[in-house]
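Novice:
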Amino acid sequence: MTAATRRTAGKIPFLLLMTAPLLSACQHQDMTDTVTGWWHGFQGGEIAKLRAPPPGENLAYPHVGRTPTEAPNLPTPEARLSLTTRLEAQRNLAQRESAAQGALPTIPPPPKPTPAAVTTANAEQSGMTMTTVGQPEPESPSAINPPPDTPSTASPAPVQAPAKKPPVQAQPPAPEAELPPVVAKSIPPTPPGQFPKIGDLPPPPPQFPGFDLPRDAMLSDPVQPDIDTSTPEGTLIRFQPATDHVMGNPQGDYQHIVSQRGNRPLTIRGFGAFMSADAALAPADQNREIALGLLRARVVARALIERGVPASSIILKAEAIGDGVRVTIGG
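Residue numbers (mature numbering (1 follows the signal peptide of the UniProt record, and there is no 0)): -25 to -1, 1 to 306.
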């Protein structure tokens, strides 16, 4: 055996020892076997800890046969349609009431408090006087007006004292308006298994001789205004609030309208305010919203004209309060 062979043979055990950890890495995974795990271990803290096993890792796989095969008990299509109609009516009523109330009033800030001016009464009540250096002190009231009992050399005749006026009594301040006292009634606890008792009914309306009470005096629900709360017919094209920019991509709606039209005319009704704080029923506000509704209707009309609808078959209308644009086939 030559010297070179002996040197090579001595390196083989060393190479086997170096490759043993690398080969063992294929059998298990540890946080220090990858570059990411090594870096997390170098950082330390929570990120260096091993992750907790997922919940239910050792549980048996669920059976597919336990999946429910029956459809859930949902409302009928008629009931869902009735609920949708009622929600739309409430939405339209809220829009109309918001417009009737008008914009929110702006409350001016309260006036700043002004410093109290020194009145003559406050000056008389104060017994403190201030004098500057070199200024003679003011004479006392007794020196200016001597008492009547003091003898005077200039007038030997006694001077009668004037009659004293009765002191003016201060009037008590008027009582402030107060709310009636709140009478709290303790509600007895409801025993288990029983329904709570209904409270006292509201008092009946007062009766006045010679006056007829309205028919809705005994009604508990408020009377709703005479407003059309039905949803307008036609295809809805939505617009961004207070603008004439179309919301989303209405290309599919345009194609549907053109395909369903045939030779019949189209009525495009644009609406103005959509639940905004500026919505109101004042004439000036209605003019602004109707102008916005016409702009929205014109945008839809141009899109339909580009798709082959003649301009003579399009009727434009506008209303002040509503949502977007409604396109109706046949007027």
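Where is the CB? At the ideal position from N, CA and C, for every residue including glycine.
For clarity, every value in this text was computed on a predicted model and none was experimentally measured.
Helix, strand or coil for R244 per DSSP?
Specialist: Within the sequence shown, residue 244 is the residue found at index 269, counting from 1. Strand at R244.
Novice: Rounded to whole angstroms, how far is the Cβ of F214 from the Cβ of R301, which I believe are closer than 8 Å?
Specialist: Counting from 1 along the sequence shown, the entry for residue 214 is found at position 239. Counting from 1 along the sequence shown, the entry for residue 301 is found at position 326. Actually they do not touch by this definition, with Cβ atoms about 12 Å apart.
Novice: On the CB-based measure, 16 or more other CB atoms within 10 Å of its CB, does P126 come out buried or exposed?
Specialist: Here residue 126 is taken as the residue at index 151 of the sequence shown, counted from 1. Summary for P126: the model assigns pLDDT 48, below 50, so the residue's position carries little reliability; its value from the coordinates is reported in the next sentence. Classification for P126: exposed.
Novice: Ordered along the chain, which non-local residues of its own chain (more than five positions away) have a Cβ less than 7 Å from that of R71?
Specialist: On the sequence shown, position 96 is the one that residue 71 refers to. For R71, where only same-chain residues beyond five positions count, the Cβ hits under 7 Å are I202 and I296.
Novice: Using the three-state DSSP reduction, which class does V302 fall into: helix, strand or coil?
Specialist: As a first step, residue 302 must be located in the sequence shown, where it is residue number 327. Three-state result, V302: strand.
Novice: How many Å lie between Q146 and P155 at the Cα?
Specialist: The sequence position of residue 146 within the sequence shown is 171, counting from 1. The sequence position of residue 155 within the sequence shown is 180, counting from 1. Rounded to the nearest angstrom, the two C-alpha atoms are 26 Å apart.
Novice: If I measure Cβ to Cβ from T165 and keep anything under 7 Å in the same chain, skipping five residues before and after, which residues do I get?
Specialist: In the sequence shown, residue 165 corresponds to position 190, counting from 1. P171.
Novice: Do T206 and A63 have their beta-carbon atoms positioned less than 8 Å apart in this structure?
Specialist: Your numbering for residue 63 matches position 88 in the sequence shown. Your numbering for residue 206 matches position 231 in the sequence shown. The sequence shown places Glu at residue 63, rather than the Ala named in the question. For E63 and T206, yes; Cβs fall inside 8 Å.
Novice: Taking the alpha helix (DSSP H) that T11 belongs to, which residues open and close that run?
Specialist: Numbered from its first residue, the sequence shown carries residue 11 at position 36. Note, T11: alpha helix (DSSP H), V10 to Q18.
Novice: I'd like the span of the beta strand (DSSP E) that includes T210, first residue to last.
Specialist: On the sequence shown, residue 210 is found 235 positions in, with the first residue counted as 1. Segment T210 to I212, the beta strand (DSSP E) holding T210.
Novice: Using a Cβ-Cβ cut-off of 7 Å (strictly less than) and excluding sequence neighbours within five positions of Q261, which residues of its own chain qualify?
Specialist: Within the sequence shown, the letter at position 286 stands for residue 261. A295.
Novice: List the endpoints of the continuous alpha helix (DSSP H) containing L267.
Specialist: Stepping through the sequence shown from its first residue, residue 267 is reached at position 292. Per DSSP, L267 belongs to the alpha helix (DSSP H) from P258 to E281.
Novice: Which residues does DSSP list as the beta-bridge partners of A293?
Specialist: Residue mapping note: residue 293 aligns to position 318 of the sequence shown, counting from 1. Partner(s): G245.
Novice: Less than 8 Å between the CB atoms is what I'm expecting for A248 and E264, so what's the real figure, rounded?
Specialist: Locating residue 248 in the sequence shown gives position 273, counting from the first residue. Locating residue 264 in the sequence shown gives position 289, counting from the first residue. The Cβ separation is near 5 Å, so the contact holds.
Novice: Just confirm the distance between the C-beta atoms of L241 and I280, as a whole number of angstroms; I'd bet it's less than 8 Å.
Specialist: Counted from its first residue, the sequence shown places residue 241 at position 266. Counted from its first residue, the sequence shown places residue 280 at position 305. Not a contact, Cβ separation roughly 10 Å.
Novice: Checking contacts by CB at 8 Å: is E208 closer than that to chain D?
Specialist: No chain D appears in this structure, which consists of one protein chain only.
Novice: Counting C-beta neighbours from all protein chains within 10 Å, is the total for N67 16 or more, i.e. buried, or is it exposed?
Specialist: Here residue 67 refers to the residue found at position 92 when the sequence shown is read from its first residue. N67 should be labelled buried.
Novice: Sorted by chain position, which residues of the same chain lie with C-beta nearer than 7 Å to A23's C-beta, five sequence neighbours on each side aside?
Specialist: Taking the first residue of the sequence shown as 1, we reach residue 23 at position 48. Here the set comprises H15 and G16.
Novice: Q230 lies in the alpha helix (DSSP H); which residues open and close that run?
Specialist: The count along the sequence shown starts at 1 and reaches residue 230 at position 255. It spans Q226 to R236 - the alpha helix (DSSP H) in which Q230 sits, taken as one unbroken run.
Novice: Taking the DSSP output, what are the residues bridged to V221?
Specialist: Looking up residue 221 in the sequence shown gives position 246. Bridge partners of V221: F214.
Novice: Give a yes or no on whether the C-beta atoms belonging to A74 and L267 are separated by under 8 Å.
Specialist: Along the sequence shown, read from residue 1 onward, the residue named residue 74 stands at position 99. Along the sequence shown, read from residue 1 onward, the residue named residue 267 stands at position 292. No, the pair does not count as a contact, with Cβ atoms beyond the cut-off.
Novice: My output table needs one value for T89: the three-state DSSP class, helix, strand or coil.
Specialist: Position 114 of the sequence shown holds residue 89. Three-state result, T89: coil.
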